[in-house]
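Read in order, the letters of the sequence shown are residues 380 to 502 in my numbering. Worksheet: one structure, shown below.
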Amino acid sequence: AEVKTENSMSRMQEKLAISTYLQNPGHKSFVIRIRDTDDMSTKVQKVSKFLHLHYIFNGPFAKISKASVNMLKIAQPYIAWGYLNLKSISVHSLGQYGIICSENLTHEIYTVVKCFKEANNFL
Numbered sequence: 380a381e382v383k384t385e386n387s388m389s390r391m392q393e394k395l396a397i398s399t400y401l402q403n404p405g406h407k408s409f410v411i412r413i414r415d416t417d418d419m420s421t422k423v424q425k426v427s428k429f430l431h432l433h434y435i436f437n438g439p440f441a442k443i444s445k446a447s448v449n450m451l452k453i454a455q456p457y458i459a460w461g462y463l464n465l466k467s468i469s470v471h472s473l474g475q476y477g478i479i480c481s482e483n484l485t486h487e488i489y490t491v492v493k494c495f496k497e498a499n500n501f502l
């Protein structure tokens, strides 16, 4: 009975840890790889490949869900990540896509609308 109680307590603690990461489920975050792959396990390599972290200091945007938080926790020693807000996105213009000011670029990235791919590739 004691072993069963310990297992259930560890599961509850794990769920609580995941829920603290899920401040804004469904929102975007930015993930960047900060270490080289020399000493990565195969599991971490698979996670970094799935998150498109092919090169050091390379960083894509990722949608936050329970599964993505679990993957981020696996690769935690090799990555840095954080939530996006309207002030964290760079100032540039993409006139050919109708993005003529920083507010438009921020809106495209933050709301994930029609020109998200072009804005993301630009950054």
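Glycine included, C-beta positions come from ideal geometry on N, C-alpha and C.
Inter-residue spacing [alpha-carbon to alpha-carbon] between residue i and residue j
i, j, result
"residue 411", "residue 496", "18 angstroms"
"residue 406", "residue 457", "22 angstroms"
"residue 447", "residue 420", "18 angstroms"
"residue 475", "residue 491", "18 angstroms"
"residue 443", "residue 449", "10 angstroms"
"residue 486", "residue 433", "27 angstroms"
"residue 477", "residue 387", "53 angstroms"
Under 8 angstroms between C-beta atoms of residue i and residue j
i, j, result
"residue 439", "residue 451", "no"
"residue 408", "residue 463", "yes"
"residue 500", "residue 488", "no"
"residue 453", "residue 422", "yes"
"residue 417", "residue 435", "no"
"residue 413", "residue 441", "no"
For residue i, the three-state DSSP class (helix, strand or coil)
i, result
"residue 472", "Note that residue 472 scores 48 on pLDDT, short of 50, meaning its location in the model is unreliable and no value can be drawn from it."
"residue 447", "helix"
"residue 408", "strand"
"residue 493", "coil"
"residue 454", "coil"
"residue 488", "helix"
Host beta strand (DSSP E) of residue i (start-end)
i, result
"residue 436", "Counting along the chain, residue 436 falls outside any beta strand (DSSP E), and DSSP gives it neither H nor E."
N-terminal and C-terminal residue of the alpha helix (DSSP H) that residue i is part of
i, result
"residue 421", "421–429"
Check: residue i C-beta below 7 angstroms from any heavy atom of the ligand SAH
i, result
"residue 482", "In terms of ligand content, the structure shown is empty, and the ligand SAH therefore cannot be addressed."
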